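Worksheet for the structure shown next.
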Ligand SMILES: Nc1ncnc2c1ncn2[C@@H]1O[C@H](COP(=O)(O)OP(=O)(O)OP(=O)(O)O)[C@@H](O)[C@H]1O
Ligand SMILES: [Mg+2]
């Protein structure tokens, strides 16, 4: 087996990398039925904390995921090793793309770049997108915490259009469910399966699987 390596990266802090990584991993496991691993290369260890909470909430044998950590160049080796026994490897990275995130971007089959809907956030993605481009790895923006106000969305669409970056059509709203579920080591799909947040995530995963396949 050679699983797909999906790296979630964005130089800007607090853009939603860890939230997206956890949700991607759980949703991929549920939709594909294949084993999924998560790899935390962020020294902050937020995804690891989430996974520990998950073990507590669901039980150690019921997380549905494998979890590893790695730092620096060890991330490439660990990701490749995990890809031999998992259908998908999801890597969460720290906000500094030039150090720890770089090997994770280099080893990736796809890079997903969560951005909050401000033009400044679009500009902040340049370094991440360029690193991926150098490796000829497709990088896709994921608009996160999108408010329903149409004017801002329009402004953002302009900013994305002029940046030339590729963005997924599916977007995630600014929804408290994401934070609330993460605190318990689970996801919106598990905590509130019929919520708007879960529906958005499901559409996002379908779109991502469409790109991968
Ligand atoms: N769609 C969303 N709706 C509401 N809150 C969100 C959403 N996405 C993320 N958040 C919240 O935003 C904060 C930052 O998210 P997260 O930790 O995932 O970002 P990050 O990019 O991993 O941050 P860092 O750069 O520090 O690693 C968290 O409190 C999280 O709960
Ligand atoms: Mg994080």
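In my numbering, the protein residues as written are 280 to 492.
Don't be surprised by glycine CBs; every beta carbon is placed ideally from N, CA and C.
Predicted model, so just to flag it, every value in this text is computed and none were measured.
Euclidean distance between Cα positions of residue i and residue j
i, j, result
"residue 398", "residue 340", "43 Å"
"residue 344", "residue 315", "5 Å"
"residue 347", "residue 406", "26 Å"
"residue 335", "residue 463", "9 Å"
"residue 324", "residue 313", "25 Å"
"residue 319", "residue 436", "31 Å"
"residue 363", "residue 284", "11 Å"
"residue 413", "residue 378", "16 Å"
"residue 491", "residue 338", "31 Å"
"residue 349", "residue 306", "23 Å"
"residue 454", "residue 358", "31 Å"
"residue 446", "residue 287", "14 Å"
CA nearest to the CA of residue i, picked from the options
i, options, result
"residue 282", "295, 388, 383 and 378", "388"
"residue 396", "434, 440, 373 and 364", "434"
"residue 322", "375, 358 and 361", "375"
"residue 421", "390, 412 and 411", "390"
"residue 425", "442, 280, 452 and 415", "452"
"residue 304", "366, 418 and 439", "366"
"residue 442", "400, 294, 469 and 352", "400"
Residues that DSSP places opposite residue i in a beta bridge
i, result
"residue 452", "425"
"residue 446", "420"
"residue 286", "370 and 390"
Exposure of residue i, with buried meaning 16 or more beta-carbon neighbours within 10 Å
i, result
"residue 477", "buried"
"residue 298", "buried"
"residue 479", "buried"
"residue 402", "exposed"
"residue 472", "exposed"
"residue 280", "exposed"
Runs of 4 residues minimum, wholly inside the segment 313-394: which ones carry the alpha helix (DSSP H) assignment? Counting only runs of 4 or more, we get 325-337, 353-362 and 380-386.
Residues near ligand 4, criterion Cβ-heavy atom distance below 5 Å: Absence of ligand 4 from the depicted structure is noted, with ligand 1 and ligand 2 being the only ligands included.
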